[in-house]
Each structure stands twice: as C-alpha cells, then as structure tokens.
C-alpha cells in the first residue's frame, strides 16, 4: 500500500534560518503530493501541492518539488519566522482511488526569536 | 461559505457510551472523509464517501459507522466507546473532477473516553 515517511521532529530553529523537512513516499501509480500545516487547536490547512513529476508547489515562501526519481517531496523555506511554528504534514492522494490520502506522522517546527 | 464544520469541539465519554460526531460542508463536494489523529501521529482514514448514499471503509473502521443521506452531511457514529478511541477526529471534503484533489478540513472534535 501507499506510505509517507517524514523527517522526525521536533525541529527548532532561530528566526531567519533555513528550513528543510524531508518527505519520501511509496505509492503505486502517480499520486498527487501535498504539504499541510496545522496550528495548535486547529485543523489541517493546505500549504502547497504538486500533481505531477517535476512540478514545484509554492506558497508563503515555502517550496517543494515533486521528485519521482527519488520519490521525495521535501519542504523548504529560505528564512523562517516565529509565525511558521506549527506541525507540518506530508501527504499523498490517489485520485484514482476516491482521492484517499495517506499522511506522514507530522514534524513539529518551533521557531525562536 | 463556512467550509467544513464539525460539532462538538470537545467531548468526554465513559466506556460503553455512544455518540455521533457531526460534519457538514457547504461547498457541494461529493467526496467526504473521516480521519482520526492520535498524539504525535498522522491522520488515519476511518471511512469515506464518494456521494450521498455511498460509503466505504478506510484504514481503521472498527468501532465506527457512518451514513451519508445528503451531500452536505457525513456523521460518524461511535458505538460502545473504548479508551482506544480517544483521539482527535477530523472531517474533510473534496470536490469531484476538474483535476483537483485538495481536501478541506474541519476544525476537529477532541474526544476522550474514560
């Protein structure tokens, strides 16, 4: 079956540091890939997505590139802010199977001033 | 649009009690999903629906039931609550077709079974 493996956390960075959160996946077919963000006490919000190989998703300074050859979708941001502190989930969605999603376990990011 | 709404926000149950978690979406989405999120873990799919009257099991369906009588509503029923069902429950919806596969999530229901 499908699976998503995320870099274990927690991750603590200083403001303006560079962020990388690794994500690799196993899937049959050609899934879409997502990064979701969850702030304390809230549901998941879509951060960015990519639907095919070599696509780059980007939003709010975050980027991730769909790498089929390495089955990866690493999240990056050049300069993090305190407001980026949250839990980040990598996920894949199989549109050929009712769009069911498989999620990684999440990575908690804390950014200190 | 309110998006996806869930009630209640919090609930404490005793072992053996039953309850229904409500989920409503106002985006006319065909697809709806129920997930549970255990501490420090990702989301696990409980049940899903591809349209009114059609439901199917996900990865962890045991101890739960669902129904989908309308496009808007997708309630999740817990029968005979057990401590292992202590979790945060999220409902999500997705539009069918158009190549979009983004799911929209509700704010969650935090359930504790004692």
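Chains as they are written, first to last, in this note's numbering: chain A, 14 to 126; chain B, 466 to 579.
Cβ coordinates follow ideal geometry from the N, Cα and C atoms, glycine included.
By the 10 Å Cβ neighbour count, where 16 or more other Cβ atoms means buried, how is residue i classified, buried or exposed?
{"i": "residue 519 of chain B", "result": "exposed"}
{"i": "residue 552 of chain B", "result": "buried"}
{"i": "residue 506 of chain B", "result": "exposed"}
{"i": "residue 523 of chain B", "result": "buried"}
{"i": "residue 79 of chain A", "result": "buried"}
{"i": "residue 135 of chain A", "result": "Nothing can be reported for residue 135 of chain A: it is not among the residues displayed for chain A, which extend from 14 to 126."}
{"i": "residue 19 of chain A", "result": "buried"}
In its own chain, which residues sit with a C-beta less than 7 angstroms from the C-beta of residue i, not counting the 5 before and 5 after it?
{"i": "residue 108 of chain A", "result": "45"}
{"i": "residue 17 of chain A", "result": "36, 38, 103, 104, 105, 115, 116 and 117"}
Give me the residue from the options with the minimum Cα distance to residue i.
{"i": "residue 92 of chain A", "options": "A:113, A:30 and A:62", "result": "A:30"}
{"i": "residue 66 of chain A", "options": "A:57, A:59 and A:77", "result": "A:77"}
{"i": "residue 23 of chain A", "options": "A:126, A:55 and A:98", "result": "A:98"}
{"i": "residue 528 of chain B", "options": "B:539, B:491, B:481 and B:475", "result": "B:481"}
{"i": "residue 483 of chain B", "options": "B:559, B:558, B:557 and B:543", "result": "B:543"}
{"i": "residue 475 of chain B", "options": "B:566, B:555, B:561 and B:568", "result": "B:555"}
{"i": "residue 94 of chain A", "options": "A:21, A:53 and A:124", "result": "A:124"}
{"i": "residue 486 of chain B", "options": "B:472, B:479 and B:504", "result": "B:472"}
{"i": "residue 126 of chain A", "options": "A:15, A:26, A:19 and A:20", "result": "A:26"}
{"i": "residue 467 of chain B", "options": "B:490, B:557 and B:515", "result": "B:490"}
{"i": "residue 82 of chain A", "options": "A:40, A:32 and A:14", "result": "A:40"}
Excluding sequence positions up to five away, which residues of its chain have a Cβ less than 6 angstroms from the Cβ of residue i?
{"i": "residue 559 of chain B", "result": "494, 496 and 568"}
{"i": "residue 74 of chain A", "result": "90"}
{"i": "residue 536 of chain B", "result": "517"}
{"i": "residue 119 of chain A", "result": "100 and 102"}
With a threshold of 8 angstroms (Cβ to nearest heavy atom), would residue i be considered close to the ligand HEM?
{"i": "residue 518 of chain B", "result": "Among the components of this structure there are no ligands whatsoever, and the ligand HEM is therefore not found."}
What residues in the region 471-494 of chain B bring their beta carbon closer than 7 angstroms to a beta carbon of chain A? For the region 471-494 of chain B, which is checked against every Cβ of chain A, not one residue is closer than 7 angstroms.
Where the region 99-118 of chain A meets chain B: residues whose CB sits under 7 angstroms from a CB there: Going along the region 99-118 of chain A in chain order, one finds 102, 106, 108, 111, 112, 113, 114, 116, 117 and 118 with a Cβ nearer than 7 angstroms to chain B.
Would you list, in chain order, the members of the region 497-512 of chain B that have their beta-carbon closer than 9 angstroms to a beta-carbon of chain A? Residues of the region 497-512 of chain B with a Cβ closer than 9 angstroms to any Cβ of chain A, in chain order: 498, 500, 502, 505, 506, 507, 508, 509 and 510.
Positions along the region 516-536 of chain B whose CB lies within less than 9 angstroms of some CB in chain A: Going along the region 516-536 of chain B in chain order, one finds 521, 523 and 524 with a Cβ nearer than 9 angstroms to chain A.
Any C-beta of chain A within less than 7 angstroms: which residues of the region 536-559 of chain B qualify? Residues 555 and 559.
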